[in-house]
Every structure is written in structure tokens, then in C-alpha cells.
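Engineer:
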Amino acid sequence: MIIFPFLGVMSILGSHFSLPDQKATLYEATPVSTEAKSTLPEPGKLEKNSTSDMAAVRSPEAENQLGQTYAVNGVDDATYRMAVELFQRSADQGYPPALYNLGTMYEDGHGVAQNLPLAVDLFKQSAVKGYSVAQFHLGVLYKDGRGVKGSAKLAHAWWEKAAEQGHIVAQFNLGLSFAKGDGAKQDYSSAARWWRAAAMRGNASAQNGMGWLCERGLGIAQDTNAAITWYRSAASQGDVSAQVNLASMYERGVGVRKDPMVAYALLSVAASRSDSTQKNASIAMEHVARGLSKEQLGTATELAGKLRSRNSFLAKLDAAVRLDSDH
């Protein structure tokens with residue numbers, strides 16, 4: 057009796073929209089070297105810099121960039137306050153990334169008292185100027201009901217704006233919104249469109265979503281080979297749902313040679329992660345284990361140990377499949 061073919065469906069449709077929520081602009085800045093840090097103005101002394109130093113941070117872009125440096129390397133409240141001051145200067149000139157960054161400081165309470173309504177207002181100012189990161193983050197806030205009244209419809213609308221500009225996580229979230237019919241009419245074709253866009257750029261969650269659609273022929277032609285390809289790509293990046301889905305294919309022999317040892321190994325890797333899918337993966341793993349001999353269980357456990365490192369994941373998986381097929 058097979059008990060887990062649909063665990064992947066549950067994990068896909070149960071995915072939380074706001075993960076991962078990347079404060080991209082604020083936290084993508086590269087940490088500066090110790091030497092570079094020594095040239096930064098002291099907190100509270102920005103106005104005392106030389107004319108040439110001040111000129112370098114007068115433009116909104118430069119002020120925002122310097123604010124990022126302080127925020128990323130912030131070790132105390134004084135440093136965060138300097139970041140806030142710089143973001144505020146840039147935001148006062150209407151610079152969208154600075155409006156967003158200033159919003160994150162108020163959202164998190166870094167360098168200022170936490171103020172969610174003000175944070176949301178700043179995010180909206182940035183978003184209406186077309187800044188995709190702010191549009192994406194607003195979608196997350198509306199989905200979670202954080203600082204605003206929860207609204208799946210508004211979350212969908214903001215993600216769509218960000219997705220159209222190429223925001224990769226927004227593209228995944230928008231696809232998930234269409235797949236679930238949450239915030240929009242259920243539309244698997246639209247889910248496929250947006251998941252494919254994100255999947256082609258390497259987003260593991262979207263790759264798993266494409267595998268799920270291909271396996272079932274939802275919104276696109278049914279294609280188990282394509283499903284396997286998508287699941288493999290996502291699983292190699294550590295996507296737990298994809299590891300469960302790929303295990304299901306091996307357990308059932310769909311699109312691949314039936315191999316319960318490989319299925320067990322993949323489930324073991326998935327079950328070792330702190331994820332909402334972990335419990336289902338553990339249950340399925342116990343089911344598969346009942347059909348394995350002591351020797352097979354040992355081999356599967358050894359393979360699981362190799363796969364957990366994720367280094368050369370697919371090469372190790374393929375080697376195990378070839379070895380097993382020779383016996």
C-alpha cells in the first residue's frame with residue numbers, strides 16, 4: 057500500500073507565501089573591509105565631514121548606499137541611527153530604495169522605535185514608484201496581515217506588479233497564489249507561467265512547482281520525464297518538498313525505475329530538515345523501510361548520509377541508481 061504519493065501536493069499547496077522574505081536592498085550590500093570601515097563617518101558626526109566627503113554622500117543614491125553599509129554592519133543602536141539618518145536623507149529626495157530601506161528600519165525597530173504603520177506607508181511610497189522589492193514585501197505584509205489588514209487579493213496584486221518586473225520570489229508566490237486560488241481565481245496555466253519564469257532562473261520552490269504540474273498535467277501537458285527533471289533540480293538545491301516528490305516517483309516507479317532504497321534515502325534527507333514537510337516525510341520513510349531488508353536499509357541509510365551534504369547531489373544519486381540497477 058502506497059501512502060505518500062500526494063504528500064508533495066500537500067507540501068506544495070501548503071507552502072507559506074512569505075518564505076523566503078528577502079529584504080534584498082538592505083541586506084544584499086557587501087560587508088565592507090576593516091580598512092573601508094575606518095573611513096566611514098562617526099555616528100552623529102556626518103555634518104562635520106570635510107566638503108569632499110560630504111559631496112560623496114549628497115546624492116540620494118550615495119546616501120542610500122552608505123546607509124546600507126551602516127545597516128549591514130550595524131553592531132549597536134548608534135550605528136543603526138546613522139543608517140536611519142542616511143536613509144531618511146535619501147528618502148526625503150524620493151529615492152525608492154531608500155524609502156524601502158527606511159521602512160525596514162521602522163518595521164524592525166533598528167535605530168528608531170518600531171512603527172509598523174509608518175513602515176507600511178514608506179513601503180507603499182516606494183512601491184508606487186515601481187520598486188519591485190517594496191512591491192513584493194507589501195504582498196507579504198498583506199498576506200500575513202502584518203501592519204495592515206490581511207488581504208490575499210491585495211497580496212496577489214502587489215506580487216503581480218513585482219513579478220512583472222522580474223522579482224523571482226514574487227513570481228513563485230504569484231504562481232502559488234494561482235495554484236491555490238488564493239487571492240485570485242484558481243488558474244493552473246497562470247501558475248505554470250509564473251513558476252516557469254522563476255524556475256528557469258533557478259528558484260527551487262518554483263522548480264518543484266513545475267514538477268508538480270508536469271506530473272499531473274495541470275495547466276500544461278502531462279510529462280513525467282519533465283516532472284522528474286524539475287524535481288531533481290529542486291531536490292539538489294535542498295528543497296524538501298521536491299525531495300519528497302522525487303522519492304514518491306522512485307517508490308512508485310513513475311518516470312524512473314522503481315527503487316525503494318533511493319526513495320528511502322531521499323525521504324530520510326527530507327525528514328532531517330526542520331520543515332513543515334518533515335513529519336510527512338518521516339511517516340513515508342517508515343512505510344518504505346518496512347519493505348526493505350536489513351542490508352538494503354543499511355545501503356539506503358548510507359546513501360542518505362551522502363546526499364545530505366548536497367555537494368554533487370545528483371551525481372551521488374545517479375551513481376546509487378546505477379549501482380542498484382546492476383544488482
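Residue numbering for the sequence shown follows the numbering used here, beginning at 57 and increasing consecutively. Every residue gets a Cβ at the ideal spot worked out from N, C-alpha and C, and that includes glycine.
Rounded to the nearest angstrom, what separates Val184 and Tyr151 at their Cα positions?
Structural biologist: Counted from its first residue, the sequence shown places residue 184 at position 128. Counted from its first residue, the sequence shown places residue 151 at position 95. Rounded to the nearest angstrom, the two C-alpha atoms are 12 Å apart.
Engineer: Find the nearest neighbour of Thr285 within the set Asp374, His166, Phe179, judged by alpha-carbon distance.
Structural biologist: Position 229 of the sequence shown holds residue 285. Proximity to Thr285 across Asp374, His166, Phe179 peaks at Asp374, based on C-alpha coordinates.
Engineer: Got a sec? Which residues, its chain only, sit under 6 Å from Ala327 by beta carbon, not counting five neighbours each side?
Structural biologist: Taking the sequence shown and counting its residues from 1, the one referred to as residue 327 is at position 271. So the qualifying residues of the chain are Gln334, Ala337, Ser338, Met341.
Engineer: Are the stretch 230-249 and the stretch 267-281 touching by the rule of at least three beta carbon pairs closer than 8 Å?
Structural biologist: yes
Engineer: With H, G and I counted as helix, E and B as strand and the rest as coil, what does DSSP make of Ser224?
Structural biologist: Residue numbering aside, residue 224 sits at position 168 when the sequence shown is read from its first letter. Ser is not the amino acid found at residue 224; the sequence shown has Ile there. Of the three classes helix, strand and coil, the one that applies to Ile224 here is helix, per DSSP.
Engineer: Are there 16 or more other CB atoms within 10 angstroms of the CB of Gly222, so buried, or fewer, so exposed?
Structural biologist: Residue 222 sits at position 166 when you count from the first residue of the sequence shown. Answer is exposed; the Cβ neighbour count stays below 16.
Engineer: Do the stretch 139-156 and the stretch 117-127 meet, that is, are 3 or more Cβ pairs less than 8 Å apart?
Structural biologist: yes
Engineer: Quick check on Ala190: buried or exposed, where buried means 16 or more other Cβ atoms within 10 Å of its Cβ?
Structural biologist: Along the sequence shown, read from residue 1 onward, the residue named residue 190 stands at position 134. Residue burial annotation: Ala190 is buried, with at least 16 other C-beta atoms found within 10 angstroms of its C-beta.
Engineer: What span of residues does the alpha helix (DSSP H) with Arg137 cover, start to end?
Structural biologist: Position 81 of the sequence shown holds residue 137. Counting along the chain, the alpha helix (DSSP H) containing Arg137 begins and ends at 133-147.
Engineer: So, with DSSP's three-state summary, where would you put Asp238?
Structural biologist: Counted from its first residue, the sequence shown places residue 238 at position 182. In the structure shown, Asp238 sits in coil (DSSP, three-state: anything other than H, G, I, E or B).
Engineer: Can you tell me whether DSSP reads Ala371 as helix, strand or coil?
Structural biologist: As a working note, residue 371 is residue 315 in the sequence shown. In the structure shown, Ala371 sits in a helix (DSSP, three-state: H, G or I).
Engineer: Can you give me the C-alpha to C-alpha distance between Ile224 and Ala154, rounded to a whole angstrom?
Structural biologist: Indexing the sequence shown from 1 puts residue 224 at position 168. Indexing the sequence shown from 1 puts residue 154 at position 98. Approximately 21 Å between the Cα atoms of the pair.
Engineer: Should Ser173 go down as buried or exposed, given a rule of 16 or more other Cβ atoms within 10 Å for buried?
Structural biologist: Walking along the sequence shown from the start, residue 173 turns up at place 117. The displayed chain sequence assigns Pro, not Ser, to residue 173. Classification for Pro173: exposed.
Engineer: Does the beta-carbon of Asp386 have 16 or more other beta-carbons within 10 angstroms, so that it is buried, or is it exposed?
Structural biologist: This structure leaves residue 386 out entirely; the chain is present only between 57 and 383.
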